Structure formats: structure tokens, C-alpha cells
Amino acid sequence: MARTPSNMMPLGTKAPDFALPNTVTGETVTLNSLKSDIATVMMFICNHCPYVKHVDEQLVKLASDYQQKGISFIAISSNDVANYPDDSPEKMKEVAQQLGYPFPYLYDESQEVAKVYQAACTPDFYIFNKDLNCVYRGQLDEARPHNNVPVTGKDIRAALEAILAGDSVNPEQKPSLGCNIKWKAS
Numbered sequence: 001m002a003r004t005p006s007n008m009m010p011l012g013t014k015a016p017d018f019a020l021p022n023t024v025t026g027e028t029v030t031l032n033s034l035k036s037d038i039a040t041v042m043m044f045i046c047n048h049c050p051y052v053k054h055v056d057e058q059l060v061k062l063a064s065d066y067q068q069k070g071i072s073f074i075a076i077s078s079n080d081v082a083n084y085p086d087d088s089p090e091k092m093k094e095v096a097q098q099l100g101y102p103f104p105y106l107y108d109e110s111q112e113v114a115k116v117y118q119a120a121c122t123p124d125f126y127i128f129n130k131d132l133n134c135v136y137r138g139q140l141d142e143a144r145p146h147n148n149v150p151v152t153g154k155d156i157r158a159a160l161e162a163i164l165a166g167d168s169v170n171p172e173q174k175p176s177l178g179c180n181i182k183w184k185a186s
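In the working numbering, the protein residues as written are 1 to 186.
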């Protein structure tokens with residue numbers, strides 16, 4: 001487990017479209033079929049990472065709070081399942097159902113989606129506005145396993161509140177920190 005920070009995609013970057021399988025329903029979905037006309041939160045997560053496990057409950061609460069305000073949430077796992085079988089699509093479905101994920105949990109087998117989004121760690125967070133331009137990338141909040149900071153989602157919540165109020169999102173953003181994405185050997 002290498003502590004890895006976000007790459008911090010440049011603000012304003014247009015979200016690349018994708019077509020990925022939803023591990024819970026089995027259907028293939030696209031960014032355009034999941035996006036919101038207000039904002040779309042994209043999360044690169046996985047099952048086994050202690051940093052993701054630390055915030056899982058808040059991810060469910062965050063999505064539940066903001067989906068009713070018209071904001072979409074999408075979770076993607078891009079880890080190499082040959083070396084990390086706990087992150088397999090079957091296990092992803094189990095975790096999504098067990099934790100009650102109110103958002104689709106997509107599997108990026110080729111890892112191409114993680115690469116085009118410049119994702120580096122789990123969890124890695126992005127918020128795209130109604131035009132699918134990146135307005136936020138970085139941490140959920142300051143909480144990390146073992147630092148005794150409560151998991152509140154305050155950084156993502158502040159960005160979403162700014163969007164809902166019609167304000168600009170503060171460009172001073174801190175990278176997320178987590179396990180590195182488990183890339184396949186080339």
C-alpha cells in the first residue's frame with residue numbers, strides 16, 4: 001500500500017466519456033447516461049483499500065444527501081483484479097449491496113478510464129459541472145485512517161454547495177491521499 005496523492009487534473013478539463021459495466025445491474029452505462037445537469041461526482045474507489053473503507057459510510061451519506069438535489073454520483077474501480085481479487089466485479093457487487101451504495105459501481109477492466117482521468121489513488125474524487133468541465137479534484141476531507149479526524153466530506157460538500165448556490169468552486173484544493181491504483185503489468 002503506497003500512500004499516493006491525486007494527480008490533480010487541471011481545472012476546466014472536459015470529462016471524457018466512457019462505457020463501463022455496472023457491477024450491480026450488469027448493464028453497460030456511459031458518462032452521458034449517468035451525468036447530471038447540475039453536477040457529477042466521480043469517485044475512483046475499490047473494495048480492499050483501507051483509505052476507501054475509512055470513508056465508505058460517508059460516501060453513502062454524501063450521495064444520499066446530494067442525489068436528491070439533482071447531483072449524480074459515479075464510482076469506478078480500475079484495479080488489476082488478477083493481483084487483487086478482492087476488487088473483482090463479483091466482489092464489487094457484494095460490497096455495493098452490503099454497504100448500500102446509492103450510486104453505480106463501475107468496473108474499468110482496461111484501466112483506460114482511470115488513465116484518461118489521470119486517477120492515481122483510491123479514493124480519488126472529481127466534480128464536473130453541468131457542462132462536464134472539472135471544477136473540483138482532490139480530497140473528500142482531511143480524514144485519513146489513524147489520524148483521528150472525523151470523516152465529514154467537508155471539502156466535497158463545500159464544492160457541491162457552491163455549485164448549488166451558483167457560485168464558483170474555490171480553486172484552492174488539496175489532493176486526495178490513498179492507496180495507489182493497482183496498475184496491470186505492461
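We put the CB at the ideal spot given by N, CA and C, even for glycine. All figures in this text were calculated on a predicted structure; none of them were measured in a lab.
> Near Q97, what residues of its chain come up, given a Cβ to Cβ distance below 8 Å and the 5 sequence neighbours on each side ignored?
Replying inline: The residues are V24.
>> Report the start-end ranges of each alpha helix (DSSP H) in the region 45-124 that is 4 residues or longer and not cut off at the edges.
In response: Inside the region 45-124, DSSP marks whole alpha helix (DSSP H) runs of 4 or more residues at positions 50-67, 89-99, 112-116, from first to last along the chain.
> Taking the beta strand (DSSP E) that R3 falls in, what are its first and last residues?
Replying inline: The continuous beta strand (DSSP E) containing R3 extends over residues 3-5.
>> Can you find the residues in the same chain that come closer than 8 Å, C-beta to C-beta, to L188, ignoring five residues on each side of it along the sequence?
In response: Nothing about residue 188 can be read from this structure; the chain reaches only from 1 to 186.
> For I127, which three-state DSSP category applies?
Replying inline: It is a strand residue.
> Which word fits S78, buried or exposed, when buried means at least 16 other C-beta atoms lie within 10 angstroms of its C-beta?
Replying inline: Counting Cβ neighbours within 10 Å, S78 comes out buried, since at least 16 surround it.
> Is there contact between the region 83-102 and the region 111-118, where contact requires at least three CB pairs shorter than 8 Å?
Replying inline: In short, these stretches do not touch, since the Cβ pair count stays below three.
> Looking at P10 and C134, is the spacing between their C-beta atoms short of 9 Å?
Replying inline: It is a contact, given that the beta carbons lie within the stated cut-off.
> Can you round the beta-carbon distance between L20 and M43 to whole angstroms, since I take them to be within the 8 Å contact cut?
Replying inline: Actually they do not touch by this definition, with Cβ atoms about 13 Å apart.
>> My output table needs one value for N133: the three-state DSSP class, helix, strand or coil.
In response: In the structure shown, N133 falls within a strand segment according to DSSP collapsed to helix, strand and coil.
> Within 10 angstroms of its Cβ, does A185 collect 16 or more other Cβ (buried), or is it exposed?
Replying inline: By the neighbour-count definition (other C-beta atoms within 10 Å, threshold 16), A185 is an exposed residue.
> Is it right to say P50 is buried, meaning 16 or more other beta carbons lie within 10 angstroms of its own, or is it exposed?
Replying inline: If you draw a 10 Å sphere on the C-beta of P50, you find fewer than 16 other C-beta atoms in it, and that means exposed.
>> On the DSSP letters alone, give me the boundaries of the alpha helix (DSSP H) that L11 sits inside.
In response: Note, L11: premise wrong, no alpha helix (DSSP H); not H, not E.
>> Assuming L177 is part of the beta strand (DSSP E), what are its boundary residues?
In response: Note, L177: beta strand (DSSP E), 177-180.
>> Between A75 and L106, how many whole angstroms is the CB-CB distance? I'm expecting something under 8 Å.
In response: With 8 Å as the limit, A75 and L106 qualify as a contact, their Cβ atoms being about 7 Å apart.
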